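Working notes for the structure below.
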Amino acid sequence: MNFDYSETQSLIAQSIRDFAEKNIRPHIMEWDEAQTFPVPLFKKLGEMGFMGALVPTELGGSGLNYHEYITLVEEISKVDPSIGLSVAAHNSLCVNHILTFGNEEQKKRWIPKLASAEHIGAWGLTEHNTGSDAGGMNTTAVRDGDFWVVNGAKNFITHAISGDIAVVIVRTGEKGDSKGMTTFVFEKGMMGFTSGKKENKLGMRASETAELIFDNCRIPDANRLGEVGQGFVQAMKILDGGRISIGALALGIAKGAYEAALKYSKERYQFGQPISDFQAISFKLVDMATNIEASELLLHKAAFLKGQNRSVTTSGAMAKMYSSEMCVKVANDAVQIHGGYGYTKDYPVEKFYRDSKLCTIGEGTTEIQKLVISRDLLKD
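Residue numbering for the sequence shown follows the numbering used here, starting at 18 and increasing by one per position.
Printed below as a string of C-alpha cells:
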C-alpha cells in the first residue's frame, strides 16, 4: 500500500494552497463577520475545475477520483472551512446527484454549467419538522399532466439563496413510505420557487444556509431525476458519498487548528522556554497528530472503496463519525494551547472551534452515523 500523495494529489494540494493564500485568507474574518457568501470566489474555483471535481472531462469537469477530491476539500478547509463546506455541498450533493441519477439529456443540460460554476448548486432533503426523519417530509408534488405542482419548504439548505440549481427530494406518495419520494431539479426563476430565511449561524458563516420555499410551483416532468418513488433510495446513496465529503471537511479543520497550535506553541514562551517544551502541551500535540492520522486513514479507505464501486455505507459513516468528533476535540485543544488568545478573533483557532461543531451535525449527527453503521453491521 502506498500512503504517499499521487502526483495529481500533490498538484491539487499546492494549487489550492496558492489559491487560498491569495484569494481566501485575506478575507476570512470579513466574510465570517458579515456572513458574506463570496460568489465571485466560487466562479474562480470553477475556472480552476474544482466545482466539477468529480465530473468527467467530457462534461466539463476535472474527472478527479475520491482520493484527489478529499485532498481538495481538506486543503480548502485548512484555510476556511466555510468555503470547504460550500465546495463539498456543491460537488458531492447537487452535482453528484444529477451525475449519478440523471439521464444523458439531463446531464448535458445541467452538469457543464455546474462544473464551471456558471451555476451554483443546492441540494434539499431536510425540513423544519422532520430533520433525519425524511420519510415524514411535508413537501409534496402532485402530478398534473406533464407537470408536477410542488408545495412546502426545505430548511438548512446550503446555497438556497444564491444557488441557480437545486436538486430536491419531495413526497409523491404516502407519508412514511420509503418509495413515496421523488427527486426533481429546480431552476432559479421558476414561478413559485423562492428562498426564505437565511440562518444566523454559530460557525461556517460564509457558507450560505437558508430555506427553499415552494408555493404551487409547477415543474415539468422532464426535470424529474430517475423513476417516481426512487427519491429516498437516491438520497441515501448520495449521502454515502456526502459523508466522505464532511469527513474531509473535518480533517481540514483539524489540520488547520493543529498547525496553528503547533506554530503558536513554538513561539509562545513561558518561564524562559517555548510552551511546546512542557509535557502538558507536547502530549496534547501528540494526541492531536495521532487522531488526525487515524482520520485520514479512515477517509482514504472509504475513498478507495468508493473508487472500486463498492459499498461505502459503513466505511463512509465511520470516517465521517470519527473525523467529525476528532475535529471538535482537536479544535478545542488548539484553543486550550493558545490560552486566552485562543478565545479572541485575532487567532485562527477561535474560528476553527466554531466551525468544527457543524461536522457533528451536517449529513447526520454522530448518533445517526452509529445507527447507520449498526444497521449495516447487523444486517443478514
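From the three backbone atoms N, C-alpha and C, an ideal C-beta is built for every residue, glycine too. Quantities reported herein were computed from a predicted structural model and do not represent experimental measurements.
- Message: Below 8 angstroms, how does it come out for the stretch 131-138 and the stretch 248-256: are there three or more Cβ pairs, yes or no?
- Response: Inter-segment contact for the stretch 131-138 and the stretch 248-256 is absent: fewer than three beta-carbon pairs are separated by less than 8 angstroms.
- Message: If you measure between the beta carbons of Val202 and Trp140, is that distance less than 8 angstroms?
- Response: Numbered from 1 along the sequence shown, position 185 holds the residue referred to as residue 202. Numbered from 1 along the sequence shown, position 123 holds the residue referred to as residue 140. Not a contact, by the Cβ cut-off of 8 angstroms.
- Query: For the putative contact between Leu314 and Ser340, defined by C-beta atoms under 8 angstroms, what is the C-beta separation to the nearest angstrom?
  - Reply: For the purposes of this step, residue 314 is identified with residue 297 of the sequence shown, where counting begins at 1. For the purposes of this step, residue 340 is identified with residue 323 of the sequence shown, where counting begins at 1. With 8 angstroms as the limit, Leu314 and Ser340 do not qualify as a contact, their Cβ atoms being about 10 angstroms apart.
- Query: Hey, would you say Val366 sits closer than 8 angstroms to Gly356, going by beta carbons?
  - Reply: Taking the first residue of the sequence shown as 1, we reach residue 366 at position 349. Taking the first residue of the sequence shown as 1, we reach residue 356 at position 339. Against a cut-off of 8 angstroms, the Cβ pair of Gly356 and Val366 comes out as no contact.
- Item | As assigned by DSSP and simplified to three states, the class of Gly314 | For the purposes of this step, residue 314 is identified with residue 297 of the sequence shown, where counting begins at 1. According to the sequence shown, residue 314 is Leu rather than Gly. Leu314: helix per DSSP, three-state reduction.
- Jot down the residue ranges of each uninterrupted alpha helix (DSSP H) in the stretch 287-336, minimum 4 residues, whole runs only, in chain order. Annotation note: the stretch 287-336 contains the following uninterrupted alpha helix (DSSP H) runs of length 4 or greater, listed N- to C-terminal: 296-324.
- Item | Spatially closest choice to Glu144 from Met343, Thr175 and Glu92, by CA coordinates | For the purposes of this step, residue 144 is taken as residue 127 along the sequence shown, with counting starting at 1. Among Met343, Thr175 and Glu92, the Cα nearest to that of Glu144 belongs to Thr175.
- Task: Name, in chain order, the residues that DSSP records as bridge partners for Cys234.
- Result: Counted from its first residue, the sequence shown places residue 234 at position 217. BP columns for Cys234 point to Val167.
- Query: Measuring CA to CA, which of Lys346, Leu76, Pro55 and Ile230 is closest to Gly119?
  - Reply: Residue 119 sits at position 102 when you count from the first residue of the sequence shown. The shortest CA-to-CA distance from Gly119 to any of Lys346, Leu76, Pro55 and Ile230 is the one to Leu76.
- Task: Kindly provide the ranges of any beta strand (DSSP E) runs that are 3 or more residues long and lie completely inside the stretch 172-247, ordered along the chain.
- Result: Scanning the stretch 172-247 for uninterrupted beta strand (DSSP E) segments of 3 residues or longer gives 182-188, 198-204, 210-215 and 226-237, listed from N- to C-terminal end.
- Taking Asp393 as part of the alpha helix (DSSP H), name the residues at either end of that continuous run. Counting from one through the sequence shown, the residue named residue 393 turns up at place 376. Asp393 -> alpha helix (DSSP H) spans Thr383 to Leu395.
- Task: Mind checking which residues open and close the alpha helix (DSSP H) that includes Val90?
- Result: Translated into positions along the sequence shown, residue 90 becomes position 73. Segment Tyr83 to Val96, the alpha helix (DSSP H) holding Val90.
- Query: In three-state DSSP terms, what is Val159?
  - Reply: Indexing the sequence shown from 1 puts residue 159 at position 142. DSSP places Val159 in strand when its eight states are reduced to three.
- Enclosing alpha helix (DSSP H) for Gly63 [first to last residue]: Position 46 of the sequence shown, counting from 1, holds the residue named residue 63. Here the alpha helix (DSSP H) through Gly63 covers Val56 to Glu64.
- Message: Any heavy atom of the ligand HEM inside 7 angstroms of the beta-carbon of Ala183?
- Response: This structure does not include the ligand HEM; it has no bound ligands of any sort.
- Message: For Gly359, list the residues DSSP reports as bridge partners.
- Response: One-based indexing of the sequence shown puts residue 359 at position 342. The secondary-structure analysis by DSSP pairs Gly359 with nothing; it has no beta-bridge partner.
- Task: Report back the beta-carbon spacing between Lys374 and Leu219 to the nearest angstrom; my notes put them in contact at under 8 angstroms.
- Result: Here residue 374 refers to the residue found at position 357 of the sequence shown. Here residue 219 refers to the residue found at position 202 of the sequence shown. About 7 angstroms separates the two Cβ atoms, so the contact holds.
- Item | Assigned secondary structure, Gly141 (DSSP; H/G/I helix, E/B strand, else coil) | Along the sequence shown, read from residue 1 onward, the residue named residue 141 stands at position 124. Looking at Gly141 - three-state DSSP - the assignment turns out to be strand.
- By DSSP, does Ser79 sit in helix, in strand, or in coil? By one-based count along the sequence shown, residue 79 stands at place 62. Coil, per DSSP.
- Query: Can you tell which of Met208, Asn40 and Phe369 has its C-alpha closest to the C-alpha of Leu268?
  - Reply: Locating residue 268 in the sequence shown gives position 251, counting from the first residue. Of the listed residues, the one whose Cα sits closest to Leu268 is Phe369.
- Task: Please name the residue in Asn155, Pro237 and Ile186 whose C-alpha comes closest to that of Asp163.
- Result: The count along the sequence shown starts at 1 and reaches residue 163 at position 146. Its Cα nearest to that of Asp163, the residue Pro237 stands out among Asn155, Pro237 and Ile186.
- Considering only residues of the same chain and omitting the five flanking positions on each side of Ala274, which have a CB-CB separation below 6 angstroms? Numbered from its first residue, the sequence shown carries residue 274 at position 257. Short of 6 angstroms from the beta carbon of Ala274, and not among the five residues preceding or following it, lie these beta carbons of its own chain, in chain order: Val347, Ala348, Ala351, Val366 and Phe369.
- Coarse secondary structure for Cys72, derived from DSSP in three states: The sequence position of residue 72 within the sequence shown is 55, counting from 1. What sits at residue 72 in the sequence shown is Val, not Cys. In the structure shown, the three-state DSSP call for Val72 is coil.
- Task: Spatial neighbours of Phe249 within its chain, please: CB distance less than 6 angstroms, with the 5 preceding and 5 following residues excluded, ordered by chain position.
- Result: What you label residue 249 is simply residue 232 of the sequence shown in a count that begins at 1. Within the same chain, Ser195 and Met198 come within 6 angstroms of Phe249 by CB-CB distance, once the 5 residues on both sides are set aside.
- Can you tell which of Asn168, Lys124 and Arg42 has the C-alpha that lies nearest to the C-alpha of Met208? Walking along the sequence shown from the start, residue 208 turns up at place 191. It is Asn168.
- Task: Consult DSSP for Gln26 and reduce its assignment to one of helix, strand or coil.
- Result: If you number the sequence shown from 1, residue 26 lands on position 9. Collapsing the DSSP output to three states places Gln26 in a helix.
- Message: Would Glu225 and Lys214 qualify as a contact pair, given that the criterion is a beta-carbon distance under 8 angstroms?
- Response: Here residue 225 corresponds to residue number 208 of the sequence shown, with the count starting at 1. Here residue 214 corresponds to residue number 197 of the sequence shown, with the count starting at 1. Against a cut-off of 8 angstroms, the Cβ pair of Lys214 and Glu225 comes out as no contact.
- Buried versus exposed, by CB contacts within 10 Å (16 or more), Ser212: For this step, residue 212 is matched to residue 195 along the sequence shown. Classification of Ser212: buried, given that the 10 Å Cβ count is 16 or more.
- Give me the Cα-Cα distance between Thr74 and Ala183, rounded to the nearest whole angstrom. One-based indexing of the sequence shown puts residue 74 at position 57. One-based indexing of the sequence shown puts residue 183 at position 166. If you take the alpha carbons of Thr74 and Ala183, they lie about 22 angstroms apart.
- Could you check which residue in Gly138, Gln353 and Asn19 has the C-alpha nearest to that of Asp181? Position 164 of the sequence shown holds residue 181. Cα-wise, what sits closest to Asp181 is Gly138.
- Give the secondary structure of Met253 by DSSP, where H, G and I count as helix, E and B as strand, and everything else as coil. Translated into positions along the sequence shown, residue 253 becomes position 236. Note: Met253 maps to helix in three-state DSSP.
- Message: If you follow the alpha helix (DSSP H) that Glu380 is in, where does it begin and where does it stop?
- Response: Counting from one through the sequence shown, the residue named residue 380 turns up at place 363. Run containing Glu380: none; DSSP gives neither H nor E here.
- Secondary structure of Glu121, DSSP reduced to three states: Reading the sequence shown from its first residue, position 104 is the one you call residue 121. Glu121 falls in the helix class under three-state DSSP.
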